[in-house]
Amino acid sequence: MLPTFVDRPKAAVAFLVLAFAGTGVAVTQLGEEFLPNFQETDFLMHFVEKPGASLESMRRITILASKELRAIPGVRNFGSHIGRAEVADEVVGPNFTELWISVDPDYDLNEVQAKVQAAIDGYPGLKRDVLTYLKERIKEVLSGTSAAIVVRIYGPDLDVLREKGGEIKKAIAEVPGAINVKDDSQMAVPQVQVRLKPDATARFGLTHGQVRRAVATLINGTKVGEIYHDQKSFAVIVRGVPQLRTDLTALQKMQIDLPLGGHVPLGDIADVEFVPTPNEVKRERVSRRFDVSCDVKGRDLGSVANEIAERISKSTLRPAITSSTKVNTKPALNRGSDSLP
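The working numbering numbers the first residue of the sequence shown as 22 and each following residue consecutively.
Right, dumping it as structure tokens:
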């Protein structure tokens, strides 16, 4: 085409003008995204049940998901792990499961991914997602979560944070294109509280440290050694019977050794009760934080993020709470530094 335009400079200029005009019109119609949809054949999924879910229930759900996912044509293998070891890169409980699958490159990736998503959506009551490895890693680094958009609120009172988080969650759910809207799994769980009676412990010749160590050993367990077998190490733990962790009466009757011999029931030297306690404490900027997150489908990330930020700016938050919208997108859309009253 070059010789034709060289001989016709006016036509070349006209073509460039039309090209720039067409580009200008196209730019106004483009959406804003931070990451493309990577065509990876390895997927990472998270299953997060409510805090307190047992290891057995998560194992049962994982086995069911394994059978269903491996039955999809194109899925060639499956792996998973539940919870984390004592020393690990993430602090999670047995209610957290990570699933991995690989897709055969000979199959249509989009079709297989749609079937995998449909299978995962068939598990109600769980917080779940389907991501490629690269996208999941990038999102985790940017905001500490695998969601596309994160609204993070700060404040000293966790109950108020939960209340305002519910309001924000409801507002985000009304935004077109926002899917998988979920809030933090910060909730109250039952915990044993032992409040010692100073006069009673002194009368029996006990110190607070002696009572705390005895109670911690019987309820939580204390490591006293290790056994090595087949190049594996197994911790030897001394702990009380399982009933002590669930029965308040059994806790009150638990026998504490006295320094001069004999025993005394724990209920005689301490007030024992179950109290609601946060299952986890999340902090940032020396303040408690609470996250509400969502993913995006059917719209570009930038327009959804801007609409969410606009809705949040109109919400009525207490002066003691600041809100920031952390968006996994280009810096121009990052609202992480904006404080809203």
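For each residue, glycine too, the CB sits at the ideal point set by N, CA and C. Note that the coordinates shown come from a computational prediction; the quantities given were computed from them, not determined experimentally.
- For the 8 Å CB-CB criterion, Gln-207 and Phe-311 form a contact.
- Per DSSP, Pro-211 is one residue of the beta strand (DSSP E) stretching across 209-217.
- Here Ala-209 is near Pro-297, since their CB atoms are less than 8 Å apart.
- Cβ-Cβ distances below 7 Å link Lys-156 to Leu-56 and Phe-59 in the same chain, with the five nearest sequence neighbours on each side left out; the list follows chain order.
- With respect to the 8 Å criterion, Asp-321 and Glu-53 are classified as neighbours on the basis of their beta carbons.
- Contact annotation: Leu-120 and Phe-68 have beta-carbon atoms nearer than 8 Å.
- When the Cα atoms are used, Pro-299 and Pro-72 turn out to be separated by approximately 10 Å.
- Taking C-beta separations shorter than 8 Å and ignoring five residues to either side along the sequence, the partners of Ile-258 in its chain run Gly-242, Thr-243, Lys-244 and Val-245, following chain order.
- Here DSSP, grouped into helix, strand and coil, assigns Asp-251 to coil.
- Using a 10 angstroms sphere on the CB of Tyr-175, the tally of other CB atoms reaches 16 or more, which defines it as buried.
- CA-to-CA, the gap between Thr-228 and Thr-222 works out to about 6 Å.
- Pairing Asp-125 with Gly-100 gives a Cβ-Cβ distance that is not under 8 Å.
- In this model, Leu-85 and Arg-97 are separated by some 17 Å (Cα to Cα).
- For Arg-173, the enclosing beta strand (DSSP E) stretches over residues 170-176.
- For Ala-199, the three-state secondary structure derived from DSSP is strand.
- Looking from the CA of Leu-65, the closest CA among Gly-143, Tyr-154 and Phe-26 belongs to Tyr-154.
- Per DSSP, the unbroken beta strand (DSSP E) holding Lys-148 starts and ends at 148-153.
- Bounds of the alpha helix (DSSP H) holding Asn-131 are 130-141.
- Here Leu-23 is exposed, its C-beta having fewer than 16 other C-beta atoms within 10 Å.
- Phe-64: member of the beta strand (DSSP E) spanning 63-69, first to last residue.
- Distance from Phe-295 to Leu-269 at the Cβ level is roughly 6 Å; contact confirmed, criterion being Cβ atoms closer than 8 Å.
- At least 8 Å separates the beta-carbon of Gly-187 from that of Asp-205.
- When DSSP states are grouped into helix, strand and coil, Phe-36 belongs to the helix group.
- In the structure shown, Phe-225 falls within a coil segment according to DSSP collapsed to helix, strand and coil.
- A contact is defined here as three or more CB-CB pairs under 8 Å, and the stretch 74-89 meets this definition with respect to the stretch 135-144.
- If you draw a straight line from the Cα of Leu-217 to the Cα of Gly-282, it comes to about 20 Å.
- Considering only Val-196, Ala-199, Ile-82 and Ile-290, the residue with the shortest C-alpha distance to Asp-220 is Ile-290.
- Beta bridge pairing from DSSP links Arg-310 with Tyr-175.
- Bounds of the beta strand (DSSP E) holding Val-96 are 96-103.
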